[in-house]
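First up is the structure itself, then whatever we jot down about it.
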Amino acid sequence: MLTDSQARIAKAASKAASIIEEFRKLNAEMQAQQMAIFLAVVARPGSTITDLANVTGHSTASVSRNVAALSQTHRKGMPGLDILIAKEDVLDRRNKRISLTPKGMRVMAALEALLN
């Protein structure tokens, strides 16, 4: 029999595994960095690449590559997952603001349902 603490940990672990599986439905080989970046955008819509690098602890180059993979078109013209979109910052055209696409919003809703 599990203690209350162990039961809470087991429940949390089960939810975490369900969240990972939800991401794997998009791409069976999705990397943890990509999941972290998506979740950072959910928490902070409109973040820049630099903002996301600071939040996740990844380099700006890594964040940029992963945002491309999560956008409509990956690097070198390959199709991406289309869950994020990078739009030019109207105040500083050198920056891109990252937000969820409609598909990304559906993924977010599915993740939220798993947590409730």
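Residue numbers for the sequence shown follow my numbering, so the first one is -18 and each next one is one higher. All C-beta atoms, glycine included, are put in the ideal place defined by N, C-alpha and C.
Contact between valine 88 and isoleucine 66 is absent: CB atoms are separated by about 13 angstroms, not below the 8 angstroms threshold.
Nearest C-alpha to asparagine 47 among Arg74, Gln14 and Ala21: Gln14. Of the candidates Met(-18), Leu20 and Leu72, the residue whose Cα lies closest to the Cα of leucine 81 is Leu20. Distances from the alpha-carbon of leucine 95 to those of Asp(-15), Ala(-3), Asn76 and His39 put Ala(-3) closest. For threonine 54, the secondary structure class from DSSP, reduced to helix, strand or coil, is strand.
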